[in-house]
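Residue numbers (my numbering): 526 to 840.
Everything on this sheet refers to the single structure shown next.
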Amino acid sequence: MANSETRSEPISVEAAAALLRAGHLCAFATETVYGLGADATNADAVLSIYETKGRPRFNPLIIHCADLAMAETLALFSPLARRVAALWPAPLTLVLPARPGNGLADVATAGLDSVAIRIPDHPLALALIRATGRPLAAPSANPSGKLSPTTAEQVIAGFGGRVPVLDGGPCNSGVESTILRVNEDGLVQLRAGAMAREDISARLGLPIDVVEEGAAIAAPGMLLSHYAPDAQIRLNTTPRPGEAYLAFGKAEAFDGPMANLSPGGDLREAARNLFAMLHQLDAAGCQTIAVAPVPEHGLGEAINDRLERAAAPRG
Ligand code: TXA
Ligand code: MG
Numbered sequence: 526m527a528n529s530e531t532r533s534e535p536i537s538v539e540a541a542a543a544l545l546r547a548g549h550l551c552a553f554a555t556e557t558v559y560g561l562g563a564d565a566t567n568a569d570a571v572l573s574i575y576e577t578k579g580r581p582r583f584n585p586l587i588i589h590c591a592d593l594a595m596a597e598t599l600a601l602f603s604p605l606a607r608r609v610a611a612l613w614p615a616p617l618t619l620v621l622p623a624r625p626g627n628g629l630a631d632v633a634t635a636g637l638d639s640v641a642i643r644i645p646d647h648p649l650a651l652a653l654i655r656a657t658g659r660p661l662a663a664p665s666a667n668p669s670g671k672l673s674p675t676t677a678e679q680v681i682a683g684f685g686g687r688v689p690v691l692d693g694g695p696c697n698s699g700v701e702s703t704i705l706r707v708n709e710d711g712l713v714q715l716r717a718g719a720m721a722r723e724d725i726s727a728r729l730g731l732p733i734d735v736v737e738e739g740a741a742i743a744a745p746g747m748l749l750s751h752y753a754p755d756a757q758i759r760l761n762t763t764p765r766p767g768e769a770y771l772a773f774g775k776a777e778a779f780d781g782p783m784a785n786l787s788p789g790g791d792l793r794e795a796a797r798n799l800f801a802m803l804h805q806l807d808a809a810g811c812q813t814i815a816v817a818p819v820p821e822h823g824l825g826e827a828i829n830d831r832l833e834r835a836a837a838p839r840g
């Protein structure tokens, strides 16, 4: 993890912002749950989130902004999106089309062409984002598989004091934000959360569709098909003539479109390159991309999870 120093004592907004700008992690209070924050434009910092949480896959993360101006640098806002965004700051996340060239790390958005954004309704969180001057990727600040923390003490205990925490006291709501996807013709709730759908609907005077139970869990999976390359993917293999080749580690020269996730066999470098290289090879127009084996330890588990999804049969 990026910040191996043990510190469980309180830190200031300025100190927390300095850590984040330097590419370290810092947990912070929001009105929903504590978030494990990283500079969303820094791929290495975002990768530290996955390592620290022990997350076996690259879920797309929620990007926290200080104000609408910052949010507009990251996403494209339709008139409908603007109407919903008027509810911010709030425990409400909007999934919007990503603005091309928005500077977000691929590993923060899992390479999708949409982005989940929220402006949290918590003065400390807002002060932190402002002081950092960058959007913050932040999932809940708990080790994977554990409960989301609603106090700084829980964050400190969860990570054994290895992650600094900007302490804002107990969270007001204790459940994660409600996630809405803003389509051209309406709103769809992808995750029920701290803001009731009926309330949002009443305040906007608009209906909100729901993704059915079960399908809600598949929401990020659904979006993966969005991201799935046009080419077929063959895993754990070497390339045949006419294919494109995504290598890992030491690789033979190949007479065709080729990229190497990490010639030195470094999983962190491979994770950083994964989405961009898949896009690059897909753009080369081959029918199939052959992918070399990637070891299953550390970030390799997340890399393989994404590769397997990209290789899964299309619906
Ligand atoms: O309350 C919260 O929302 C907390 C606090 C810290 O703000 N954050 C949180 O973030 O729960 P996170 O990163 O764990 O939420 C990630 C979820 C994904 O599992 C996925 O459901 C959704 O956000 N998501 C992110 N990007 C998406 C996208 N482009 N399309 C659809 N869903 C997306
Ligand atoms: Mg969580």
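For every residue, glycine included, the Cβ atom is placed at its ideal position computed from N, Cα and C.
Rounded to whole angstroms, what is the Cα-Cα separation between residue i and residue j?
{"i": "Ser603", "j": "Glu597", "result": "11 Å"}
{"i": "Ala656", "j": "Ala837", "result": "42 Å"}
{"i": "Arg607", "j": "Pro664", "result": "24 Å"}
{"i": "Leu824", "j": "Ala727", "result": "43 Å"}
{"i": "Gln812", "j": "Leu799", "result": "19 Å"}
{"i": "Pro818", "j": "Glu777", "result": "14 Å"}
{"i": "Gly562", "j": "Glu794", "result": "21 Å"}
{"i": "Gly767", "j": "Glu821", "result": "28 Å"}
{"i": "Ala635", "j": "Leu771", "result": "18 Å"}
{"i": "Pro614", "j": "Leu661", "result": "15 Å"}
{"i": "Leu672", "j": "Leu691", "result": "19 Å"}
{"i": "Gly810", "j": "Ala541", "result": "45 Å"}
{"i": "Ile758", "j": "Pro764", "result": "11 Å"}
{"i": "Phe553", "j": "Ala801", "result": "30 Å"}
{"i": "Asp780", "j": "Ala769", "result": "9 Å"}
{"i": "Glu826", "j": "Gly693", "result": "34 Å"}
{"i": "Leu748", "j": "Ala756", "result": "Note on Leu748: pLDDT 47, under 50, position unreliable in the model; the coordinate value appears next. Those two C-alpha atoms are separated by around 17 Å."}
{"i": "Pro788", "j": "Val816", "result": "14 Å"}
{"i": "Ile828", "j": "Arg722", "result": "34 Å"}
{"i": "Leu612", "j": "Asn627", "result": "23 Å"}
{"i": "Pro535", "j": "Leu731", "result": "43 Å"}
{"i": "Pro648", "j": "Pro782", "result": "50 Å"}
{"i": "Val736", "j": "Glu709", "result": "16 Å"}
{"i": "Ala666", "j": "Leu786", "result": "29 Å"}
Inspect the beta-carbon positions of residue i and residue j and report whether they are closer than 7 Å.
{"i": "Ile514", "j": "His589", "result": "Outside the displayed range of the chain (526 to 840) lies residue 514, so it cannot be described from this structure."}
{"i": "Asp830", "j": "Arg582", "result": "yes"}
{"i": "Leu621", "j": "Ala650", "result": "no"}
{"i": "Tyr559", "j": "Val680", "result": "yes"}
{"i": "Pro689", "j": "Leu637", "result": "no"}
Provide the residue(s) that pair with residue i in DSSP beta bridges, ordered along the chain.
{"i": "Val819", "result": "Its beta-bridge partners do not exist; DSSP assigns none."}
{"i": "Pro622", "result": "Ser639"}
{"i": "Thr566", "result": "Its beta-bridge partners do not exist; DSSP assigns none."}
{"i": "Ile587", "result": "Ala641"}
{"i": "Ile814", "result": "Ile758 and Ala769"}
{"i": "Ala784", "result": "Leu771"}
{"i": "Thr703", "result": "Leu617"}
{"i": "Arg716", "result": "Ile704"}
{"i": "Phe779", "result": "Looking at the DSSP assignment, Phe779 forms no beta bridge with any residue, so it has no partner."}
{"i": "Asp734", "result": "Val713"}
{"i": "Gly670", "result": "Partner(s): none; Gly670 has no beta bridge."}
{"i": "Val690", "result": "Ala552"}
{"i": "Leu561", "result": "Ala552"}
{"i": "Ser537", "result": "None, per the DSSP bridge assignment."}
{"i": "Leu661", "result": "Asp564 and His589"}
{"i": "Ala600", "result": "Ala623"}
Please go through the same chain and pick out, in chain order, the residues whose beta-carbon is closer than 8 Å to the beta-carbon of residue i, but skip the five residues on each side of it.
{"i": "Gly734", "result": "According to the sequence displayed, residue 734 carries Asp and not Gly. Cβ neighbours of Asp734 beyond the five flanking positions: Gly711, Leu712, Val713 and Gln714."}
{"i": "Ala594", "result": "none"}
{"i": "Glu833", "result": "Leu760"}
Between residue i and the rest of its own chain, which residues show a CB-CB distance below 6 Å, the 5 nearest in sequence each way excluded?
{"i": "Thr618", "result": "Ile587, Ala641, Arg643, Ser702 and Ile704"}
{"i": "Arg797", "result": "Ala568"}
{"i": "Ile574", "result": "Leu561 and Ala563"}
{"i": "Leu544", "result": "Cys551"}
{"i": "Gly774", "result": "Gly790"}
What residues in its chain sit with their C-beta under 7 Å from that of residue i, if we drop five residues either side in the sequence?
{"i": "Pro754", "result": "Leu803, Asp807, Ile814 and Ala835"}
{"i": "Gln805", "result": "Ala784"}
{"i": "Leu605", "result": "Val707"}
{"i": "Ile742", "result": "Any reading at Ile742 needs caution, since the residue's pLDDT is 43, under 50, leaving its predicted position unreliable; the model's value is listed next. Taken in chain order, the list of residues that qualify is empty."}
{"i": "Pro616", "result": "Glu556, Thr557, Asp646, Ser698, Ser702, Thr703, Gly718, Ala719 and Met720"}
{"i": "Ser537", "result": "none"}
{"i": "Leu729", "result": "Arg608 and Val609"}
{"i": "Asp842", "result": "Residue 842 falls outside the range modelled here, since the chain spans only 526 to 840, and no answer is possible."}
Assuming residue i and residue j make a contact with CB atoms under 8 Å, what is their CB distance in whole Å?
{"i": "Ala630", "j": "Thr676", "result": "Contact doesn't hold; Cβ gap of about 29 Å is too wide."}
{"i": "Arg659", "j": "Asp564", "result": "5 Å"}
{"i": "Asp646", "j": "Glu539", "result": "Contact flag wrong, Cβ pair sits at about 22 Å."}
{"i": "Gly579", "j": "Pro695", "result": "Between Pro695 and Gly579 the Cβ distance is about 25 Å, and since that is not below 8 Å, they are no contact."}
{"i": "Val571", "j": "Ala610", "result": "Not confirmed; about 24 Å, so no contact."}
{"i": "Gly686", "j": "Pro674", "result": "So it is not a contact: roughly 13 Å between Cβ atoms."}
{"i": "Ala652", "j": "Ser639", "result": "That pair is no contact at about 28 Å."}
Kindly say whether residue i, judged by its beta-carbon, lies nearer than 7 Å to any beta-carbon of chain D.
{"i": "Arg728", "result": "Annotation note: the requested chain D is absent from the structure, which comprises a single protein chain."}
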